[in-house]
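Following this note's numbering, the numbering of the sequence shown begins with 440 at its first residue and continues without gaps. Idealized CB from N, CA, C, for every residue including glycine. Worksheet for the structure shown next.
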Amino acid sequence: MRHLPKILIALLALAGAGLGWAIGFGTSPAPPELTSISAPFAAVDFSDLPPIRKLEVKHGSPIAYRRYDAGVKGEKAAGKNSSGITIAIHGSSGLGASLHPLAKELAAAGQIVYVPDLRGHGDTGRRGDVDFIGQPDMDLMSLILAARAENPDHKLTLLGFSLGGGFLIRFAGAYPVLQPDALVLLAPALGPESPTIRSADSGRWAAAHVPRIVGLTILNFLGFSGLNALEAIRFAVPPNSGRIQTAAYTFRLYASLMPLSYKRSLGKTSAPVHVLIGEKDELFNEKLMREALAGVNPKLDLRVVPGVDHVGLALDRAALPAILETIAKDHQ
440 MRHLPKILIA LLALAGAGLG WAIGFGTSPA PPELTSISAP FAAVDFSDLP
490 PIRKLEVKHG SPIAYRRYDA GVKGEKAAGK NSSGITIAIH GSSGLGASLH
540 PLAKELAAAG QIVYVPDLRG HGDTGRRGDV DFIGQPDMDL MSLILAARAE
590 NPDHKLTLLG FSLGGGFLIR FAGAYPVLQP DALVLLAPAL GPESPTIRSA
640 DSGRWAAAHV PRIVGLTILN FLGFSGLNAL EAIRFAVPPN SGRIQTAAYT
690 FRLYASLMPL SYKRSLGKTS APVHVLIGEK DELFNEKLMR EALAGVNPKL
740 DLRVVPGVDH VGLALDRAAL PAILETIAKD HQ
C-alpha cells in the first residue's frame, strides 16, 4: 500500500504524456484534392449573385449573408407572393455562394432564401476559426430572428448541405425552442459516430486529426480550452483555393459544427425532418444512411435521388424537383 501513491503518480504521468502526444502529434496528412467535389463548381455561373449583406451581432463580427427574394432568380424581386422562408447552410470548406444555383431555384419557386457564410468561412469572421465553441449557433439564432422579423407569419425551413446539414442536426437538438417548421438535410454529415461514410477507396474529403480531437475534447471536459485554436481537420480542397475555400478548421470550429450524437439530436427535434441523398453519393452510403436513421425520429423520412452524386444534390438540376417538392409539402 505504501507504493500506491507512487503508482498513481506514475499512471497520471503516463496519461498526461499520452494526452500530450495525442494533442501535439496526433495529426493526419493533408488529403489530395478530391475533384468530384471541387470540379463541378467550375461550371457554375456566379455572375448574378445577390450582393453580400451584413447582420450586426453582439457576440462577434457581422454575419455575411445573401438574400434571394421570392419569385425571381437573382438579386431583384419584390417577394410579395412568397410561400415561406428558407435559410440554407453550405457544406464544409465552402461558402454561401456554393448554394447559388439551388437558392435561385428556391426563390423562383416562391421561397425567400437567406444564405449565410458560416462563421469561419467566406466573409464571416476569420477563415477556419471562431472565437468560441458555439458561436455559429448564436449566428444562426440571430439570422433566424432577423428573417422572421422581416417576414412575419412565414413558415421557416432550415436547409443544410453536407456538414451544413450536420450543423443543423446539432443546432435543432440543442435549441428546441427555436425549432423550424421543417428541417431539410441534403446528404448530411452525421458526425463521428456515423457509420455512413464510404471506404477510403472512394476518395477522402476530410482528414480529421482524431487523436488530437480526442485529447482536446478531454481537456475541454476538464475545463481547459487554451489549446482550442489547434487545427482539428483538413479538407481535400484544390491547391491555391484559399481565396474562396477554407482548407482547415480549428478545434473550436470543428466542435461548433459537427454533431456529437445525431441520434440524440434528431430524437429531440420536433419539426419534420426530410433527408435527401444522391444515389451515386461518393462520400456517404445511402443504404447505410437509411439504416443509421431508422427509428431515430417518427417525423423523419429519407429520399434517394436517382443518378445524383454528393455535390450534384446541390448543383444538379436533376435533384431540384425532389428538393422543391420536399420543401413545398411543409409550406402548404
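CB-CB under 6 Å to residue i, same chain, minus the five flanking residues each way: which ones, in chain order?
i	result
Leu754	Pro479 and Pro540
Asp578	Ile502 and Arg558
Given residue i, which residues of its chain have a CB within under 8 Å of its CB, disregarding the five upstream and five downstream residues?
i	result
Lys515	Unreliable positioning characterises Lys515 in this predicted model, as indicated by a pLDDT of 42, which lies under 50. A coordinate reading is not provided.
Arg566	Gly559, His560, Gly681 and Thr685
Arg492	Ala503, Tyr504, Arg505 and Arg506
So what's residue i in DSSP terms, helix, strand or just coil?
i	result
Val616	helix
Ala647	strand
Pro540	helix
Lys493	strand
Phe663	coil
Asp578	helix
Arg682	coil
Ala761	helix
Ala721	According to the sequence as given, residue 721 is Glu; it is not Ala. The answer is coil: DSSP assigns Glu721 none of H, G, I, E or B.
Ser475	helix
Ile583	helix
Thr656	helix
Ala671	strand
Leu629	coil
Gly499	strand
Ala621	strand
Leu557	coil
Ala687	strand
Ala469	coil
Arg609	helix
Leu534	coil
Gly549	coil
Report the rounded CA-to-CA distance for residue i versus residue j, giving the unit in angstroms.
i	j	result
Ala710	Ala586	18 Å
Ala621	Ser704	15 Å
Val649	Gly604	21 Å
Asn736	His713	11 Å
Glu764	Thr466	43 Å
Gly746	Ala757	8 Å
Lys594	Ile462	44 Å
Ala646	Ala628	14 Å
Lys519	Ala548	Unreliable placement is indicated for Lys519, whose pLDDT of 48 sits below 50; the coordinate value is still reported in the next sentence. Using only the alpha carbons, I get a separation of about 13 Å.
Thr708	Asp769	16 Å
Ser531	Asp556	11 Å
Ala626	Leu752	8 Å
Gly642	Asp740	The predicted model places Gly642 with a pLDDT of 49, which falls under 50 and marks its position as unreliable; any figure quoted below should be read in that light. Rounded to whole angstroms, Gly642 to Asp740 spans 28 Å at the Cα level.
Gly607	Ala588	The sequence shown places Leu at residue 607, rather than the Gly named in the question. Taking the straight line from one Cα to the other gives about 21 Å.
Ile551	Ala527	11 Å
Ser664	Thr656	9 Å
Leu658	Asp487	46 Å
Ile766	Asn590	17 Å
Near residue i, which residues of its chain fall below 7 Å by C-beta distance, leaving aside the five closest residues on each side in sequence?
i	result
Arg691	Asp568, Val569, Phe571, Ile572, Asn667 and Ala668
Ser581	Leu494, Val496 and Ile502
Pro619	Leu595, Thr596, Leu597 and Ala710
Leu602	Gly530, Ser531, Ala628 and Leu696
Val743	Ile716, Glu718 and Glu725
Got a sec: does the ligand MN put a non-hydrogen atom nearer than 7 Å to the Cβ of residue i?
i	result
Gly523	For the structure depicted, the ligand MN is absent and the ligand set is empty, with no information on it obtainable.
May I have a chain-ordered list of the alpha helix (DSSP H) segments no shorter than 4 residues that lie completely inside the region 692-760? 701-707, 725-732 and 751-754
Should the region 694-701 be called in touch with the region 719-726, which here means at least 3 C-beta pairs below 8 Å? Judged by pairs of C-beta atoms under 8 Å, the region 694-701 does not touch the region 719-726, as fewer than three such pairs exist.
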